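Undergrad: Residue numbers (full-length UniProt numbering): 1 to 207.
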């Protein structure tokens, strides 16, 4: 992948190991460090606030799905930057029917340069992004809750081991994993939509 974000914060192996072990504090640190980078990549595509938030959520979900494949934690920042650009392109094409201004594989332009302090208020808005993500996971029914936690906690485990720990036939693991990830996406989208909905005006109701 191109070196799109040379100044991206570095996540060390100790932090990654803690995240994979299910350490919420380590995940919060990772999200706090990298969220401004993700938002910088997404905002370069001129999305609305709601669409940009959708792309950011999608980016973090891709990281959750891919944690078990990480071999070099120092590359997570650059990977997230490129993934955020791809997610922004997908959202833009889906909601507006437009072609992206630049393909996510292309070198970034000046507008996509990461400025860690470009919008200090943004950190306040998105500081709980990771916490909300895992909060949704914790609210899910079994086997999805255990499956998603296990995906992060046992990155080297194979399908046979994962299925065994979950008490399901190996042939059921893949389809169940796909259903759980789809359910997680739906819940994240629903939560984002609900939080973005305008409050009731009270029109037509008694004082």
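The beta-carbon is built from N, C-alpha and C at its ideal position, and this holds for glycine as well. Bear in mind the structure is a predicted one, so any value in this text is a computation, not a measurement.
1) Okay, do the segment 86-94 and the segment 28-37 touch, 3+ Cβ pairs below 8 Å being the bar?
2) Identify which residue in 88, 132, 168, 61 has its Cα closest to the Cα of residue 182.
3) In whole angstroms, what is the alpha-carbon distance linking residue 172 and residue 25?
4) Can you grab the Cα-Cα spacing for the pair residue 148 / residue 77, in whole Å?
5) Pick helix, strand or coil for residue 28, following the three-state DSSP scheme.
6) Looking at the structure shown, is residue 47 part of a helix, part of a strand, or coil, going by DSSP?
7) Would you check if the distance between the CB atom of residue 67 and the CB atom of residue 151 is smaller than 9 Å?
8) Where residue 39 and residue 133 are concerned, what is the direct C-alpha to C-alpha distance, given to the nearest angstrom?
9) My guess is that residue 41 and residue 47 are in contact by the Cβ rule of under 8 Å, so how many angstroms apart are they, rounded?
10) Check each candidate in 45, 139, 169, 20 and name the one with the smallest Cα separation from residue 65.
11) Find out if the Cβ-Cβ distance for the pair residue 59, residue 84 is shorter than 9 Å.
12) Kindly indicate which residue of 10, 136, 18 has the alpha-carbon position closest to the one of residue 79.
13) Alpha helix (DSSP H) containing residue 74: first to last residue?
14) Output the boundary residues of the alpha helix (DSSP H) element that contains residue 15.
15) Under a CB-based cut-off of 9 Å, is residue 67 close to chain D?
TA: With the given structure in hand:
1) no
2) 61
3) 32 Å
4) 22 Å
5) helix
6) coil
7) yes
8) 16 Å
9) With a Cβ gap of about 11 Å, residue 41 and residue 47 do not count as contacting.
10) 20
11) yes
12) 10
13) Per DSSP, residue 74 belongs to no alpha helix (DSSP H) and is neither H nor E.
14) 13-20
15) Looking for chain D here will not work: only one protein chain is present.
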